[in-house]
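A short write-up of the structure that comes next.
In the working numbering, the protein residues as written are 45 to 529.
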């Protein structure tokens with residue numbers, strides 16, 4: 045999988061370096077076609093002009109799967125360099141914690157804990173620096189926009205988020221939180237004594253400024269392609285619905301549970317002769333392929349159905365942000381719920397998308413014992429669900445040690461931070477998390493030694509996905525309940 049991601053970005057470097065803009069979203073020599081928004085394409089273009097000093101061959105479009113030492117070194121180095129923005133954003137977020145804690149000792153400790161939880165995040169580390177992607181840079185933009193909203197620098201926060209959307213469009217899932225918060229807290233300049241809106245305070249100037257930011261950033265990003273008449277082609281690349289409901293490895297969300305129930309019903313139906321095995325496609329949802337499949341027993345899910353489910357699931361958090369505003373903290377919780385809801389019900393969700401909820405939740409985890417408990421469940425389960433990304437023998441040892449270090453620190457530091465509040469997890473939550481250990485032993489050590497390994501190679505992935513889906517679903521529901529309290 046990591047090799048694929050290296051090749052994806054090598055190919056994008058080659059495309060943007062050699063071809064005119066008019067061909068960027070049409071070139072298809074490699075199966076890894078350009079499917080990120082234009083700002084990311086321009087980032088690849090800029091990096092390509094540095095890459096040529098490391099190895100010119102990586103910039104040849106036809107050099108598929110080219111991975112010289114110089115190429116890999118440059119790609120690793122480029123991720124580290126762009127992570128500077130993430131470090132700065134983490135620093136800005138820690139300032140917010142600094143401003144909310146009275147007393148020097150309490151003031152310093154949450155800052156340090158938050159800095160470690162962000163900068164040493166296990167999931168981000170393996171996805172970007174062992175696997176390969178530029179998520180740190182993108183999360184840096186998001187966290188910096190959040191920090192600016194906390195600092196009441198609303199226009200800067202809006203600008204950063206608008207730019208982020210044109211780097212990676214997955215962040216559109218958290219756009220409702222931004223839209224509602226900016227409209228409620230920035231465009232309305234005053235509230236009544238009971239906290240309700242004072243409609244006479246609505247500022248047309250402020251909403252105009254926000255609209256100008258969105259329009260100017262969109263024009264800068266999409267304008268060239270609109271002039272060329274290529275917007276439909278760009279959109280078709282950004283939203284490839286034919287890839288199917290689930291990724292090759294099921295992300296641990298609602299649809300993983302849905303698939304598992306469908307598979308179980310199909311097996312039971314065949315065993316008791318309720319279903320005709322000749323009419324059922326073999327390994328339909330468990331073939332490890334990225335393509336559309338039909339469910340066997342349960343109704344098949346369409347992109348529109350996932351969109352409706354996602355929309356319904358985020359509505360409560362958005363309504364709460366509008367009618368019961370709690371300042372920047374309420375916005376941040378709404379953002380997290382939007383991210384988690386889209387992960388739970390989105391179309392073709394990648395397992396790495398769980399980081400979209402984990403990283404911002406770090407900010408709330410150092411301020412509230414309830415949020416800290418939810419953070420520990422979500423982080424431990426979400427990070428464990430990333431294990432299948434690293435599957436070679438050397439990587440197995442590395443991922444286990446790194447996750448142990450991060451998990452032990454997370455539990456010990458948050459428990460120390462809230463030692464007077466009692467335990468952060470109840471006994472059932474603790475048992476659930478401890479059970480991840482035997483699950484890992486079975487998937488990595490026991491199952492490969494059994495004869496089932498050749499016949500049912502997808503079983504370890506299925507077990508990991510379904511078990512983690514239970515924990516993530518629980519964390520999502522618990523976060524919603526805590527918001528309603």
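Here a beta-carbon is modelled for each residue, glycine too, at the ideal position from N, C-alpha and C.
None of these values were measured; they are calculated from a predicted model.
Residue 439: member of the alpha helix (DSSP H) spanning 437-461, first to last residue.
Residue pairing by DSSP places residue 296 opposite no residue, since no beta bridge is assigned to it. Minimum Cα-Cα distance from residue 392 among the listed residues 297, 475 and 305 corresponds to 297. Of 249, 173, 159 and 212, the smallest CA-CA separation from residue 199 is found for 249. The stretch 371-384 makes contact with the stretch 504-524; the number of CB pairs closer than 8 Å reaches 3 or more. Annotation: residue 403 to residue 98 spans about 33 Å, alpha carbon to alpha carbon. Between residue 134 and residue 114, the C-beta spacing is not below 8 Å. Its chain contains 136 and 137 as the residues whose beta carbon lies nearer than 6 Å to that of residue 191, once the 5 sequence neighbours on both sides are disregarded; these appear in chain order. Around the beta carbon of residue 345, 16 or more other beta carbons lie within 10 angstroms, which makes this residue buried. Contact between the stretch 69-87 and the stretch 295-310 is not established, with fewer than three Cβ pairs separated by less than 8 Å.
Ranking 49, 106 and 50 by CA distance to the CA of residue 63 puts 106 first. If you draw a 10 Å sphere on the C-beta of residue 352, you find fewer than 16 other C-beta atoms in it, and that means exposed. Here residue 183 is not near residue 125, since their CB atoms are 8 Å or more apart.
Beta-bridge analysis with DSSP links residue 372 to 370. With contact defined as three or more Cβ pairs closer than 8 Å, the stretch 457-467 and the stretch 399-418 are in contact. Looking at 261, 419 and 288, the one whose alpha-carbon comes closest to that of residue 203 is 261. Taking the C-beta atoms as reference points, residue 281 is found no nearer than 8 Å to residue 127.
Where residue 278 is concerned, the enclosing alpha helix (DSSP H) starts and stops at 275-282. Leaving aside the five residues that flank residue 176 on each side, the residues in its chain whose CB is nearer than 8 Å to its CB run, in chain order, 46, 49, 50, 53, 119, 120 and 123.
Counting of Cβ neighbours within 10 angstroms places residue 95 among the buried residues, the total reaching 16 or more. Pairing residue 269 with residue 81 gives a Cβ-Cβ distance that is not under 8 Å.
DSSP places residue 476 inside the alpha helix (DSSP H), whose first and last residues are 471-478. In its chain, beyond the 5 residues on either side, 405 and 409 have a beta carbon closer than 6 Å to the beta carbon of residue 419. Taking every protein chain shown into account, the CB of residue 307 has 16 or more other CB atoms within 10 angstroms, so this residue is buried. The beta carbon of residue 515 lies closer than 7 Å to those of 421, 425 and 476 in the same chain, with the five residues before and after it left out. Each of 206, 211 and 58 was checked against the Cα of residue 220, and the nearest Cα belongs to 206. In this structure, residue 179 keeps its C-beta atom at 8 Å or more from the C-beta atom of residue 483. With contacts defined by Cβ atoms closer than 8 Å, residue 430 and residue 465 do not form a contacting pair. Excluding its 5 nearest sequence neighbours in each direction, residue 108 has C-beta neighbours in its own chain below 8 Å: 51, 55, 73 and 74, listed in chain order.
For residue 88, the uninterrupted alpha helix (DSSP H) run begins and ends at 82-95, by DSSP. In the three-state reduction of the DSSP assignment, residue 171 falls in the helix class. Within 10 angstroms of the beta-carbon of residue 274 lie 16 or more other beta-carbons, which makes it buried. Per DSSP, the beta-bridge partners of residue 232 are 246.
Residue range 179-194 is occupied by the alpha helix (DSSP H) that includes residue 183.
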